[in-house]
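Notes to accompany the following structure.
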Amino acid sequence: MKFAAIDIGSNAVRLLFCNVYENNGKTIFKKSELIRVPIRLGEDSFLSGKISVQKADKLVIAMKAFKNLIDVYDIVDYRACATSAMRDAENRYDIVHRVRKESGIKIEIIDGKTEADIIYSNHIEEQLDKSNNYLYVDIGGGSTEITLFSKNKLIVSQSFNIGTIRMLHNQIDKDYWAYFKNWIKEISSGYKPLIAIGSGGNINKLFKMTGRKQNKPIATAKLKSQFEVLESYSYDERIKILGLNPDRADVIIPASKILLSVLKKAEIEKVIVPQIGLADGIVHQLYEKYLLNQASENV
0 MKFAAIDIGS NAVRLLFCNV YENNGKTIFK KSELIRVPIR LGEDSFLSGK ISVQKADKLV
60 IAMKAFKNLI DVYDIVDYRA CATSAMRDAE NRYDIVHRVR KESGIKIEII DGKTEADIIY
120 SNHIEEQLDK SNNYLYVDIG GGSTEITLFS KNKLIVSQSF NIGTIRMLHN QIDKDYWAYF
180 KNWIKEISSG YKPLIAIGSG GNINKLFKMT GRKQNKPIAT AKLKSQFEVL ESYSYDERIK
240 ILGLNPDRAD VIIPASKILL SVLKKAEIEK VIVPQIGLAD GIVHQLYEKY LLNQASENV
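Here you go:
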């Protein structure tokens with residue numbers, strides 16, 4: 000069976016199609032298609048407090064296209080979630096209403112805790128050594144979600160208004176940045192050694208550029224070296240020489256800074272990047288909802 004997830008982020012909007020099936024008692028989630036459109040709602044929301052007509056128009060066009068694809072793929076269920084940029088926009092409910100009216104898609108504007116919970120529902124830690132301590136770090140355009148779990152138990156989870164678009168436009172207060180780093184240091188102090196699990200488009204790209212295989216731990220020092228290489232190039236050079244997309248070439252720098260700051264404060268020496276995020280978590284929750292509905296129908 001196939002499910003779909005729409006992630007309306009601060010940098011881009013994404014539509015994920017995922018096949019879900021059982022194999023020898025194990026649930027397999029296999030990505031089918033991922034469509035990404037770099038609308039950058041956060042540039043409006045974080046700087047002016049509202050989303051412009053131009054970007055709202057682009058969002059509506061994208062949602063119409065997404066709805067057509069969802070109808071064609073004949074999915075079991077789908078869900079659309081909007082995060083930091085829409086949370087901060089004064090005109091968020093006007094846009095939600097317009098999208099619903101013109102595309103038929105109902106957008107849920109989720110708070111930071113819900114976002115962290117959805118990301119955590121991927122339960123990547125279940126595929127790893129359960130005796131270890133892990134710090135899940137998801138970096139987006141408007142927010143960063145941090146989840147600490149130890150020996151397969153969630154210890155603490157929090158969302159921070161620290162993201163790549165905010166940092167790119169100097170929208171992060173120095174005191175808040177200091178609070179963020181101190182919080183990381185405090186919550187991680189009793190759980191050493193820690194292994195980081197990194198997610199988000201920029202972290203995925205940073206990882207791929209190192210040439211490391213998926214699910215293989217990478218040393219923090221290696222990520223730092225890769226960041227230093229990236230930072231040594233200009234924006235244009237990152238596009239022309241390194242082959243980065245224009246909408247990736249600028250935000251990958253603040254994303255790397257956020258990640259490396261977390262790793263430094265938590266004294267983490269290696270990172271796992273499983274190439275998952277909010278959209279994957281949405282699919283996991285949709286499948287759990289499907290199972291509950293099936294169980295209730297069979298009672």
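Everything in the sequence shown is counted per numbering that gives the first Met the number 0, starting at 0 for the first residue and increasing by one.
Just so you know, even glycine gets a beta-carbon here, dropped at the ideal spot from N, CA and C.
Bear in mind the structure is a predicted one, so any value in this text is a computation, not a measurement.
May I ask you to report which of helix, strand or coil DSSP gives residue i?
i      : result
Ser198 : strand
Asn203 : helix
Tyr286 : helix
Ile281 : helix
Glu89  : coil
Asp73  : coil
Tyr135 : strand
Ile108 : strand
Leu193 : strand
Lys173 : helix
Lys152 : strand
Arg99  : helix
Leu68  : helix
Ile118 : helix
Asn297 : coil
Exposed or buried, which one is residue i when buried takes at least 16 other CB atoms within 10 Å?
i      : result
Pro192 : exposed
His96  : exposed
Val136 : buried
His300 : Shown here, the chain extends from 0 to 298; a query on residue 300 therefore has no answer.
Asp110 : exposed
Lys150 : exposed
Met0   : exposed
Leu291 : exposed
For residue i, list the residues DSSP reports as bridge partners.
i      : result
Ser25  : The question names Ser, yet the displayed sequence has Lys at residue 25. In DSSP, Lys25 forms a bridge with Asn22.
Gln301 : Outside the shown range of the chain (0 to 298) lies residue 301, about which nothing can therefore be said.
Glu32  : Phe16
Lys269 : Ala218
Ile5   : Leu14 and Ala79
What does the alpha-carbon distance come out to for the pair residue i and residue j?
i      : j      : result
Leu134 : Asn181 : 15 Å
Ile34  : Leu14  : 5 Å
Glu21  : Asp116 : 24 Å
Lys264 : Gly189 : 13 Å
Val75  : Val228 : 44 Å
Gln90  : Leu127 : The amino acid occupying residue 90 in the given sequence is Asn; Gln does not appear at that position. Each residue's alpha carbon lies about 42 Å from the other.
Met208 : Lys49  : 35 Å
Asn121 : His283 : 6 Å
Glu266 : Ala64  : 44 Å
Three-pair Cβ contact test at 8 Å for the region 102–116 versus the region 64–83: yes
Sufficient close CB pairs (3 or more, under 8 Å) joining the region 57–75 to the region 265–282: no
Stretch-stretch touch, CB-based, cutoff 8 Å, three pairs: the region 136–149 with the region 196–211: With a cut-off of 8 Å, the region 196–211 and the region 136–149 count as touching, because enough Cβ pairs lie within range.
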